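Undergrad: Structure in structure tokens, see below.
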Amino acid sequence: GGDVDTAEKIVGMLRHRSRSLRVIVAESAKSAATLIAIASDAIVMGYISELGPIDPQVFITSPGGQDMYRPAHSFLDGFEQIKNEVQASGQLSPAYLPMLQHYDPALLDYCRKAIERSRVFAERFLNQYQCKGDPTKAESIAKELGNVEKHLSHGAVIDHHAAADMGLAVEYLPPDDPLWNAIWRLYCQYVLALQRQGSNQIFESSAASVAY
């Protein structure tokens, strides 16, 4: 999910227990997972690996009563679109009334703060590690990752080429690399195990393997 607070806690725990940190992206790391990846010293990626925009998600209940996550940027952009249409036409379309019931000032404020929080997180950890001593580079990468006008979809693909081009520390493993093959095989085994058990996550240690 797009929870920046959870991402920060995970990074803090990992950094507390290790002198260096590499994040392996077997398939995809989106939103908050991208934040965790860029807080590492290096990101291990293969030809199928992808990061995504740092686009924080907001939990809401839809007009139909369905719980869901939606990008914070989409809330703000949608609200601006409604405002512009009202200013242009001088009236509010009744079709927007159900949506506006969920656009309270607190939610809009939360969206703005979540977006800013993601940017600050990215700049902070990039400046500490992958862009150490180069705040300008850290700011540039954070801005690029948060550019929703360029990355129009929350699921937009940032592959190893794009990640390296924007300045991230990427360790690319080609398809025939033995380490990549081992990573991919393990990843597929995890996916199958989770599906069989109906679980979402697996925690591994030297003493136990716990799925839930």
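Plus 956 on top of the position in the sequence shown (first one is 1) and you've got this note's numbering. Positions of the beta carbon are idealized from the N, C-alpha and C atoms, including for glycine. No experiment lies behind these values; they were computed from the predicted model shown.
Determine the burial state of Gln1157: buried for a count of at least 16 other Cβ atoms within 10 Å of its Cβ, exposed for fewer.
TA: Exposed, by the Cβ-count rule.
Undergrad: Whole angstroms is fine: what's the gap from Ala1098's alpha carbon to Asp1121's?
TA: Spanning the two alpha carbons is a distance of roughly 13 Å.
Undergrad: Assuming contact is defined by CB atoms lying nearer than 8 Å, are Ala1094 and Ile999 in contact in what I supplied?
TA: Going by C-beta atoms, Ala1094 is not nearer than 8 Å to Ile999.
Undergrad: Tell me the DSSP bridge mates of Phe1159?
TA: Paired residue(s): Val1166.
Undergrad: Assuming Val1126 and Cys1067 form a contact by the criterion Cβ under 8 Å, report the distance between their Cβ atoms to the nearest whole angstrom.
TA: Actually they do not touch by this definition, with Cβ atoms about 30 Å apart.
Undergrad: Can you tell me which of Leu991, Thr962, Asp997 puts its alpha carbon nearest to the alpha carbon of Leu977?
TA: Out of Leu991, Thr962, Asp997, Asp997 has the C-alpha closest to the C-alpha of Leu977.
Undergrad: Taking the alpha carbon of Cys1087 as the reference point, which residue from Leu1124, Ala1070, Pro1061, Val1113 has its own alpha carbon closest?
TA: When only C-alpha atoms are compared, the closest one is Leu1124.
Undergrad: Can you tell me which residues form a DSSP beta bridge with Ala998?
TA: Beta-bridge pairing links Ala998 to Arg978.
Undergrad: I need the straight-line Cα distance from Glu1160 to Ala1138, nearest angstrom please.
TA: Taking the straight line joining both Cα atoms gives about 17 Å.
Undergrad: Looking at Pro1012: is its Cβ nearer than 8 Å to the Cβ of Ile1071?
TA: Contact flag set, yes.
Undergrad: Can you list, in chain order, the residues of its chain with a C-beta nearer than 7 Å to that of Asp959? Leave out the 5 residues immediately preceding and following it.
TA: Ala988.
Undergrad: Given the structure, does Asp961 come close to the ligand FAD, in the sense that its CB is under 7 Å from one of the ligand's heavy atoms?
TA: Ligands are entirely absent from the displayed structure, and the ligand FAD is therefore not among its contents.
Undergrad: Between the C-alpha atoms of Tyr1168 and His972, what's the straight-line distance to the nearest angstrom?
TA: C-alpha separation (whole angstroms): 25 Å.
Undergrad: Going residue by residue through the segment 1084-1153, where are the continuous beta strand (DSSP E) segments of at least 3 residues, counting only ones entirely within it?
TA: If we require 3 residues or more, the beta strand (DSSP E) runs fully inside the segment 1084-1153 come out as 1126-1128.
Undergrad: Exposed or buried, what is Met1175 when buried is set at 16 or more other beta-carbons lying within 10 Å of its beta-carbon?
TA: Absent from the structure is residue 1175, since the part of the chain shown begins at 957 and ends at 1168.
Undergrad: How would you write the range of the alpha helix (DSSP H) that Ile966 sits in, first residue to last?
TA: Where Ile966 is concerned, the enclosing alpha helix (DSSP H) stretches over 960-972.
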